[in-house]
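Which chain is which? The protein sequence lines are D and F, in order.
Numbering follows this note's numbering, with no gaps: position 98 of the first sequence is 98.
Numbering follows this note's numbering, with no gaps: position 43 of the second sequence is 162.
Virtual Cβ for every residue (Gly too), placed ideally from N, Cα, C.
Below is one structure, written out as structure tokens; the observations come after it.
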Amino acid sequence: GAVVSQHPSRVICKSGTSVKIECRSLDFQATTMFWYRQFPKQSLMLMATSNEGSKATYEQGVEKDKFLINHASLTLSTLTVTSAHPEDSSFYICSARDPSRGVQETPQYFGPGTRLLVL
Amino acid sequence: EDQVTQSPEALRLQEGESSSLNCSYTVSGLRGLFWYRQDPGKGPEFLFTLYSAGEEKEKERLKATLTKKESFLHITAPKPEDSATYLCAVQRGGSQGNLIFGKGTKLSVKP
């Protein structure tokens, strides 16, 4: 399967600081990447859809000024949590689809996730 | 409203004891139903995609089936290494590929 990486794997920061998370597709080009958040014992909740070269599409209730998404190339998307607060502590996971794999809906391949703890 | 419901929430099996996990869905124009496995602290790992009712797919001890309203993940003679949370997700028509996830079934297989 396609490989997606994330960096860092975990980060601890002070309240009020900003944190950047990188998501890379290692062996394919991804025009679309997705960012999810997962709270303990909950399922994945889509935050936003990241499109290469254009603005991200945010889900209802997700603050676009707080969660800045940049998709500057076909293999890299970044999520910046600005002025992080303890309630932003969560497991952030990105995913990407490989459009070269055929006309039917291809699966999303997920990164290993980033654990964010805001003190 | 699009919705995915998985049952049971948790399932404990003895090694070798076969069982099934259920995923019920309501979605506008199903484009695909996906099964993933998630280990603690890790991202989901892709297992299967099903596109139409009647379709079946197999991988080792796992077999996924699809009807118009639900999908089943059958686990035959499970081993302890099959212990994980199994997630079901659907993609609806007209979306950019956005997935709607169920809450998952946490499977524990005891030796």
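For residue i, the three-state DSSP class (helix, strand or coil)
i                      : result
residue 52 of chain D  : coil
residue 134 of chain F : coil
residue 100 of chain D : helix
residue 63 of chain D  : coil
residue 175 of chain F : strand
residue 120 of chain D : Only positions 1 to 119 of chain D appear in this structure, which leaves residue 120 of chain D out of reach.
residue 200 of chain F : helix
residue 30 of chain D  : coil
residue 222 of chain F : coil
residue 119 of chain D : coil
residue 151 of chain F : strand
For residue j and residue i, believed in contact at Cβ under 8 Å, the rounded distance
i                      : j                      : result
residue 111 of chain D : residue 23 of chain D  : 6 Å
residue 37 of chain D  : residue 92 of chain D  : 6 Å
residue 56 of chain D  : residue 97 of chain D  : Going by Cβ atoms, the distance from residue 56 of chain D to residue 97 of chain D rounds to 15 Å, so no, they are not a contact pair.
residue 42 of chain D  : residue 21 of chain D  : Rounded, the Cβ-Cβ distance is 19 Å, inconsistent with contact.
residue 157 of chain F : residue 141 of chain F : Actually they do not touch by this definition, with Cβ atoms about 17 Å apart.
residue 208 of chain F : residue 167 of chain F : Not confirmed; about 11 Å, so no contact.
residue 163 of chain F : residue 206 of chain F : 6 Å
residue 19 of chain D  : residue 78 of chain D  : Actually they do not touch by this definition, with Cβ atoms about 11 Å apart.
residue 50 of chain D  : residue 71 of chain D  : 4 Å
residue 114 of chain D : residue 10 of chain D  : 7 Å
residue 204 of chain F : residue 225 of chain F : 5 Å
Beta-ladder partner(s) of residue i, from DSSP
i                      : result
residue 71 of chain D  : Paired residues: none, contrary to the question.
residue 229 of chain F : F:133
residue 217 of chain F : In DSSP, residue 217 of chain F forms no bridge with anything.
residue 92 of chain D  : D:37, D:114
residue 45 of chain D  : D:37
residue 126 of chain F : F:141
residue 146 of chain F : Paired residue(s): none; residue 146 of chain F is not in a bridge.
residue 57 of chain D  : D:49
residue 212 of chain F : Bridge partners of residue 212 of chain F: none, in fact.
Endpoints, the beta strand (DSSP E) within which residue i is located
i                      : result
residue 20 of chain D  : 19-25
residue 193 of chain F : 189-194
residue 5 of chain D   : 4-7
residue 78 of chain D  : 76-81
residue 182 of chain F : 181-185
residue 164 of chain F : 164-169
Proximal residues of chain B, C-beta to C-beta of residue i below 7 Å
i                      : result
residue 206 of chain F : Absent from the structure is chain B; the protein chains it does hold are D and F.
### Task
Scan the stretch 6-34 of chain D for residues whose Cβ lies nearer than 8 Å to a Cβ of chain F and list them as they occur along the chain.
6, 32, 34
### Task
With 9 Å as the C-beta to C-beta threshold (strictly closer), list the residues of the stretch 132-159 of chain F near chain D in chain order.
150, 151, 153, 155, 157
### Task
Mind checking the stretch 87-115 of chain D against chain F and listing, in chain order, the residues whose C-beta falls within less than 9 Å of any C-beta there?
91, 93, 94, 95, 97, 104, 105, 106, 107, 108, 109, 110, 111, 112, 113, 115
#### Entry: the stretch 158-177 of chain F: positions lying closer than 8 Å to chain D by Cβ
160, 161, 162, 163, 164, 165, 168, 170
### Residues, ordered as in the chain, of the stretch 212-226 of chain F that lie near chain D by beta-carbon distance below 7 Å
215, 216, 217, 218, 220, 221, 222, 223
### Task
Please name the residues in the stretch 48-75 of chain D whose beta-carbon is closer than 9 Å to at least one beta-carbon of chain F, in chain order.
49, 51, 57, 59
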